[in-house]
Amino acid sequence: MANDTIEFIKKSRDFRQFWYGQIISQMGDKVHSLAVLWLVYQWTNSGFAVGIIMIATSLPAVLLGPVAGEFADNKDRKHIMVITDIIRGIIVLILAVLSFMSILNLPILIVATILIAINAAFFNPATLSIIPNLVEEKDLTRANALNQSTANLSGVVGLLLGSGLIAAIGASLAFLFNGLSFFLSAYYIGKVVYEHKVVERVGTYLENLKSGFKLALAQPLVKSMFIPLIVINFFFSSLVVILPVIAQGEFSTGAAGLGVMMASYTIGMFLGSVVMSVIDVKDNAGKFSIAGLLLIGLGFGIIGYFEELYTTIVFLSIAGFGLNVTNICLITIYQKILDNDIRGKVFGIITAASLSLQPISYGIVGYVTELMDPFLIFLVSGGVILLTAIQMTTNRKLVTV
0 MANDTIEFIK KSRDFRQFWY GQIISQMGDK VHSLAVLWLV YQWTNSGFAV GIIMIATSLP
60 AVLLGPVAGE FADNKDRKHI MVITDIIRGI IVLILAVLSF MSILNLPILI VATILIAINA
120 AFFNPATLSI IPNLVEEKDL TRANALNQST ANLSGVVGLL LGSGLIAAIG ASLAFLFNGL
180 SFFLSAYYIG KVVYEHKVVE RVGTYLENLK SGFKLALAQP LVKSMFIPLI VINFFFSSLV
240 VILPVIAQGE FSTGAAGLGV MMASYTIGMF LGSVVMSVID VKDNAGKFSI AGLLLIGLGF
300 GIIGYFEELY TTIVFLSIAG FGLNVTNICL ITIYQKILDN DIRGKVFGII TAASLSLQPI
360 SYGIVGYVTE LMDPFLIFLV SGGVILLTAI QMTTNRKLVT V
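Residue numbers for the sequence shown follow numbering that gives the first Met the number 0, beginning at 0 and rising by one.
Set out below in structure tokens:
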């Protein structure tokens with residue numbers, strides 16, 4: 000199966016260019032995320048402030064997801080990705096300059112984060128929608144897994160590199176690195192060649208969005224997964240807010256410890272992607288997605304129970320492994336069952352729905368970390384994710400796909 004993956008890479012020229020762009024962009028994103036989280040916690044020493052910056056990161060995807068998905072069906076997906084990469088690159092380079100001049104502050108960072116997230120809200124549905132345009136249906140699982148695995152590996156490098164850059168001269172170099180990575184990503188994605196099929200639209204965007212919701216809900220599997228995905232994302236989101244708190248407060252490991260914990264989680268995601276790229280799930284994608292969720296719940300629960308640094312590092316890897324198994328299987332399932340002319344719109348709606356409570360989660364968890372043991376939040380979150388995964392085993396539409 001590994002040889003099949005190598006042959007797939009060799010023959011898939013346009014997917015390969017897209018893949019290069021994603022690798023570079025993901026590395027820059029991880030450097031950037033680490034710099035932002037560390038800066039905010041250093042400035043404020045507050046989990047609530049970290050929650051606020053994460054709300055700024057996630058809320059645009061919830062509010063704009065359906066519109067962005069409609070856009071991805073109606074416009075050239077490659078052009079959307081290139082333009083949004085260039086805009087994000089400019090914004091992040093401005094942050095680098097402000098940081099170097101020591102005039103960057105929390106309000107500026109929040110505004111920049113919102114602008115970056117708005118562009119990401121348009122970039123992501125286009126990314127998910129274009130992959131089936133670049134590869135044959137039989138190669139979808141391999142393409143999604145390969146894309147995720149290399150993105151995760153570059154993410155690990157980015158996190159470790161980011162912690163070194165921050166330790167060396169602060170956040171300025173980290174922002175500079177990410178800004179340049181967006182321009183490189185735009186360069187490679189710009190080399191992709193594919194046939195864009197213009198979808199004729201009748202009516203306003205609002206009318207088309209309403210029809211998009213109807214089309215999404217008309218898919219029995221999509222409809223049945225709405226509530227479970229909302230619940231899982233709400234409790235999974237606690238991870239991002241808690242890690243800076245326990246790195247600094249519980250373990251006293253500083254930026255290096257935060258980088259290692261985030262890297263271990265990303266290593267787990269990489270391993271999950273590698274496994275999914277070399278195995279043939281056939282008609283078991285639904286079962287694999289549930290198994291991945293069980294691993295996430297188990298990992299969170301054990302982290303919360305033992306409250307130890309090395310246990311946290313190991314089981315963050317296990318949770319990351321489970322996350323990518325689930326993500327790859329669900330993305331592939333949706334790509335197969337959705338027609339090309341509605342794929343972007345439905346992906347945008349699914350993303351907005353599944354992330355709809357994520358900003359609330361960031362705010363609540365950020366506030367609660369200042370009132371109670373953050374490991375208890377891990378324990379509760381893991382328990383809820385486990386129960387939701389167990390409930391999903393009764394979803395015949397999922398376990399038989």
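By construction, the Cβ of each residue, glycine as well, lies at the ideal position given by its N, Cα and C atoms. All values derive from a computational prediction rather than experimental measurement.
Fill in: Whether Phe233 touches Ile348 by CB criterion (9 Å)
no
Worksheet item: What do you get for Met0, buried or exposed, if any count of 16 or more other CB atoms within 10 angstroms of its CB means buried?
Response: Note that Met0 scores 48 on pLDDT, short of 50, meaning its location in the model is unreliable and no value can be drawn from it.
Worksheet item: Do you know whose CA, among Ile226, Gly88 and Asp28, lies nearest Ser353's CA?
Response: Ile226
Discussion item. I need the DSSP call for Ser101, collapsed to helix, strand or coil.
Written reply: coil
Discussion item. Is the beta carbon of Gly362 closer than 9 Å to that of Phe47?
Written reply: yes
Practice prompt. Identify, in the order they occur along the chain, each residue of the same chain with its Cβ nearer than 6 Å to the Cβ of Ile302, setting aside the five sequence neighbours on each side.
Written response: Thr311, Phe314 and Phe377
Worksheet entry | Rounded C-alpha distance that separates Gly343 from Glu307 | 42 Å
Worksheet item: Nearest-angstrom Cα distance between Val155 and Gln21?
Response: Distance between the alpha carbons of Val155 and Gln21: 14 Å.
Practice prompt. Could you tell me the distance, in whole angstroms, from the CA atom of Lys137 to the CA atom of Leu397?
Written response: 19 Å
Worksheet entry | Beta carbon of Ala111 nearer than 9 Å to that of Leu139 | Their beta carbons are not under 9 Å apart, which means Ala111 does not touch Leu139 by this criterion.
Discussion item. Spatial neighbours of Lys10 within its chain, please: C-beta separation below 7 Å, excluding the five flanking residues on both sides.
Written reply: Contacts found: none.
Discussion item. As a quick exercise: from Ser32, Val280 and Pro219, pick the residue whose alpha carbon is nearest that of Ala173.
Written reply: Ser32
Fill in: Whole-angstrom distance between Gln334 and Ala217, CA atom to CA atom
15 Å
Worksheet item: Between Ile79 and Ser180, is the Cβ-Cβ spacing less than 9 Å?
Response: no
Discussion item. In this structure, how does DSSP classify Val398 when only helix, strand and coil are distinguished?
Written reply: Looking at Val398 - three-state DSSP - the assignment turns out to be helix.
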